[in-house]
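Next up, the structure:
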């Protein structure tokens with residue numbers, strides 16, 4: 598197994614809420630020691646596990662949002678080294694944070710992680726310092742500062758490989774508190790305009806993946822889909838947004854973790870907070886397919902009622918209780934001369 602290549606540097610953003618901001622810059626990259634790898638791995642895992650992410654692409658206006666231009670200098674032109682990239686990013690961060698009175702400072706970690714063709718991403722996180730208690734060699738208690746990863750609130754990730762191939766939405770960030778997320782999103786040059794239809798389709802895909810992974814019996818699967826349809830249809834009718842937590846608690850209140858893990862996976866890349874598009878939830882109750890010579894659509898419950906029979910052995914579908922009008926047309930079409 599290959600060990601990922603890593604660049605790491607930490608700067609400091611000095612700011613109290615409603616106060617002025619300044620920055621302290623480190624001049625050299627940090628040595629990638631086992632402790633440094635452990636920190637980045639832990640941070641990456643925590644970030645991946647966080648719900649409530651936004652997703653997007655780079656803004657097109659590079660004068661107002663310079664990050665894509667800076668990144669090209671790193672990954673394409675090699676006109677910027679990693680340390681200089683992060684120092685210029687810190688200057689941009691300083692400009693953005695000064696317009697947000699509720700934002701506070703912390704240690705700003707930048708890590709680029711590369712693992713061959715499998716991964717190339719930039720992780721940025723603002724980590725606050727907390728105070729704990731440690732014991733000396735003489736078993737005396739002393740105050741011990743540490744990086745408070747557990748309360749990570751401001752972070753983002755850019756999939757550099759996906760960006761270079763213009764594949765999907767390659768930026769993610771923690772939404773957190775709206776005002777704070779806004780300045781950090783702008784710092785990342787992220788345009789996160791969400792298409793409700795596409796996001797609802799991805800949500801339905803996630804629910805279907807969960808049902809398949811759990812190997813649900815047909816009856817339990819249908820109940821899950823029917824409840825998901827009822828809930829999302831009600832939200833859509835009342836112009837209410839959905840979130841991963843509300844969907845999970847509605848569909849799996851007794852054992853929510855497996856569904857939550859599926860819906861907040863980075864592979865699915867769900868953007869929460871949009872109103873369900875009711876067109877996208879129809880597949881929860883209906884099958885729809887077509888071939889060059891036919892089209893077919895029927896409700897899932899018709900499989901239970903016996904109106905539709907699927908034969909696995911010869912891969913055929915039989916329809917029962919067809920309407921009289923269709924029956925007459927078929928009889929006329931197939932009448933022997």
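Residue numbers (this note's numbering): 598 to 934. C-beta: ideal position from N, C-alpha, C; glycine also. As the structure is a prediction and not an experimental result, all values here were calculated from the model.
Residue i - DSSP class collapsed to helix/strand/coil
i, result
"residue 621", "strand"
"residue 846", "helix"
"residue 851", "coil"
"residue 700", "coil"
"residue 875", "coil"
"residue 740", "strand"
"residue 924", "helix"
"residue 768", "strand"
"residue 932", "coil"
"residue 885", "strand"
"residue 867", "coil"
"residue 919", "coil"
"residue 783", "helix"
"residue 680", "helix"
"residue 880", "helix"
Under 8 Å between C-beta atoms of residue i and residue j
i, j, result
"residue 799", "residue 699", "no"
"residue 749", "residue 768", "no"
"residue 825", "residue 804", "yes"
"residue 883", "residue 783", "no"
"residue 705", "residue 609", "yes"
"residue 786", "residue 895", "no"
"residue 855", "residue 807", "yes"
"residue 844", "residue 861", "no"
"residue 744", "residue 874", "no"
"residue 679", "residue 671", "yes"
"residue 589", "residue 870", "One cannot answer for residue 589 here, as it falls past the ends of the chain, which runs 598 to 934."
"residue 780", "residue 697", "yes"
"residue 757", "residue 718", "yes"
"residue 890", "residue 904", "no"
"residue 761", "residue 643", "no"
"residue 789", "residue 868", "yes"
"residue 822", "residue 881", "yes"
"residue 701", "residue 813", "no"
"residue 759", "residue 770", "no"
"residue 619", "residue 863", "no"
"residue 819", "residue 709", "no"
Which residues DSSP lists as bridging residue i, in chain order
i, result
"residue 751", "723"
"residue 717", "711"
"residue 729", "741"
"residue 706", "607, 722"
"residue 789", "In DSSP, residue 789 forms no bridge with anything."
"residue 674", "For residue 674, which the question treats as bridged, DSSP gives no partner whatsoever."
"residue 756", "718"
Contacting residues, own chain, Cβ-Cβ under 7 Å from residue i (five flanking each side not counted)
i, result
"residue 602", "711"
"residue 730", "738, 740, 741"
"residue 629", "603, 605"
"residue 922", "none"
"residue 621", "608, 609, 611"
"residue 927", "none"
Residues near residue i by beta carbon distance below 6 Å, same chain, minus five either side
i, result
"residue 772", "649, 651, 778"
"residue 683", "606, 707"
Close-in-space but distant-in-sequence residues of the same chain around residue i (CB under 8 Å, 5 per side omitted)
i, result
"residue 617", "695"
"residue 686", "664, 667, 707, 721, 784"
"residue 878", "797, 801, 825, 826, 829, 830, 833"
"residue 836", "872"
"residue 633", "603, 605, 627"
"residue 811", "855"
"residue 910", "none"
"residue 848", "804, 821, 824, 825, 828, 856"
"residue 689", "663, 664, 784"
CB contact below 8 Å: residue i versus chain B
i, result
"residue 809", "Structure shown: chain B not included; a single protein chain is present."
The ligand ATP heavy atom lying under 7 Å from the CB of residue i
i, result
"residue 864", "Ligands in the displayed structure: none, and consequently the ligand ATP is not present."
Give, in chain order, every unbroken run of the beta strand (DSSP E) that is at least 3 residues long and sits entirely within the stretch 599–661.
-> 602–612, 618–621, 650–655
Which parts of the stretch 891–917 are runs of the alpha helix (DSSP H), unbroken and 4 residues or longer, counting only runs that do not cross its ends?
-> 898–902
Taking only runs of the alpha helix (DSSP H) that begin and end inside the stretch 803–838, which ones reach a length of at least 4 residues, in chain order?
-> 815–834
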